[in-house]
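Data first, discussion second: the structure below is written as structure tokens.
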Amino acid sequence: MLFRSAPAGTALTWTTDLANILDPNTHLLSSVVSSDFPGTYYGFFFDVDDNCASPVLEVTLEFNTTPTLVTSTGADRCGEGTVTLNAVFSEGTVTWYADATGGTSIGTGEDFLTPTISATTTFYAEGNANGCVTARVAVVANVFVQPSAGIPSNTASCNDAINGPTTLDLDDQLEGADAGTWVLTTDPSGGGLTIDAENIVDFDGLAGGDYIFTYTTTDAQAPCVNESTTVTVTVT
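My numbering numbers the first residue of the sequence shown as 4 and each following residue consecutively.
Pasting the structure below:
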């Protein structure tokens, strides 16, 4: 039923008191302020002079609020894989998207397990309560790269120049290594060998044996950890 134009001599009138619609003291203004929600309202045409009313139209109003964000939590991982993100709104349901606007839903619920990702990716959470929808909230899944200590190769060196080279660049014994540092972990010379600023070692005059050097990367970001590898130099 729809009200159109009011019949002559009547005015469109609203009340919440169905039992007393003929009492002007129960009539409302033409608009309803928010403090009146929720409720059931009755609309009718009222003839003041004849104190009579038309049949009523019943309208029930519900007051729904848009959810608010309580918390959002991103996640970190090392290398390719999945992570679990979280978003909590004050009420309603949570829907996840790959885009800030538009697109289709890729998950629901406060916890969201991402698809497999190989780089840092932003996902978006949206709260919805009774059709009141929030703006989407960005939640970031960080993917950090695991640094590599490279592929090591063992080698040999002389300790007397008359027999061949006595110096060695340790960096030449690694392939594909990320930034890192060298330390001498097994030293047959008893402290006589040093690694210079260019990672070159000189075995001239030192005791023979297996010198073991450990290379450890330095740029890992948690949850990644630095990686180590060893190179053995046999000195004769």
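Note that beta-carbon positions come from the ideal geometry of N, C-alpha and C, so glycine has one too.
Subject >> N-terminal and C-terminal residue of the beta strand (DSSP E) that T89 is part of >> reply: On the sequence shown, position 86 is the one that residue 89 refers to. Looking at the sequence itself, residue 89 is Asn, so the reference to Thr does not match. Residues T87 to F92.
Original post:
Does DSSP put T29 in a helix, in a strand, or in coil?
Top reply: Within the sequence shown, numbered from 1, the residue matching residue 29 stands at position 26. Helix.
Original post:
Does the separation of the CB atoms of G77 and V148 fall below 8 angstroms?
Top reply: The residue given as residue 77 occupies position 74 in the sequence shown. The residue given as residue 148 occupies position 145 in the sequence shown. No, Cβ-Cβ distance for G77 and V148 is not below 8 angstroms.
Original post:
Which residues in the same chain as G208 place their Cβ atom closer than 6 angstroms to its Cβ, once the five residues preceding and following it in sequence are excluded?
Top reply: Taking the sequence shown and counting its residues from 1, the one referred to as residue 208 is at position 205. Nothing listed; no residue qualifies.
Subject >> Environment of V238 [buried if 16+ CB atoms lie within 10 Å] >> reply: The count along the sequence shown starts at 1 and reaches residue 238 at position 235. Result: buried.
**OP:** State the start and end residues of the unbroken beta strand (DSSP E) segment that holds T212.
**Re:** Translated into the one-based positions of the sequence shown, residue 212 becomes position 209. In the sequence as displayed, the identity of residue 212 is Gly instead of Thr. It spans G212 to T220 - the beta strand (DSSP E) in which G212 sits, taken as one unbroken run.
Original post:
When you compare only the Cα positions, how much space is there between D50 and F92?
Top reply: On the sequence shown, residue 50 is found 47 positions in, with the first residue counted as 1. On the sequence shown, residue 92 is found 89 positions in, with the first residue counted as 1. Distance between the alpha carbons of D50 and F92 is about 49 angstroms.
**OP:** Write down every uninterrupted run of the beta strand (DSSP E) in the segment 152-196 whose length is 3 residues or greater and which is fully enclosed by it, in chain order.
**Re:** Taken in chain order, the unbroken stretches of beta strand (DSSP E) that lie wholly in the segment 152-196 and span 3 residues or more are 158-160, 170-172 and 183-189.
Original post:
For S160, does the count of other Cβ atoms within 10 angstroms reach 16, so buried, or fall short, so exposed?
Top reply: Residue mapping note: residue 160 aligns to position 157 of the sequence shown, counting from 1. The residue is buried, with at least 16 neighbouring Cβ atoms inside 10 Å.
Original post:
Taking all protein chains shown into account, do 16 or more other C-beta atoms lie within 10 angstroms of the C-beta of A103, making it buried, or fewer, making it exposed?
Top reply: If you number the sequence shown from 1, residue 103 lands on position 100. Per the 10 Å Cβ criterion, exposed.
Subject >> Stretch-stretch touch, CB-based, cutoff 8 angstroms, three pairs: the segment 40-50 with the segment 59-67 >> reply: The count of Cβ pairs closer than 8 angstroms, one atom from the segment 40-50 and one from the segment 59-67, reaches three, so the stretches are in contact.
**OP:** Give every residue of the same chain whose Cβ lies closer than 6 angstroms to the Cβ of I198, excluding the five residues on either side of it in the sequence, and list them in chain order.
**Re:** The residue you call residue 198 lines up with position 195 of the sequence shown. Shown here for I198: same chain residues with a beta carbon closer than 6 angstroms to its own, the five before and five after excluded, namely W185 and V204 in chain order.
**OP:** Can you tell me which of G183, R80, G194 and A90 puts its alpha carbon nearest to the alpha carbon of E201?
**Re:** For this step, residue 201 is matched to residue 198 along the sequence shown. When G183, R80, G194 and A90 are compared, the shortest CA-CA separation from E201 is found for G183.
**OP:** Consult DSSP for N23 and reduce its assignment to one of helix, strand or coil.
**Re:** The sequence position of residue 23 within the sequence shown is 20, counting from 1. Three-state result, N23: helix.
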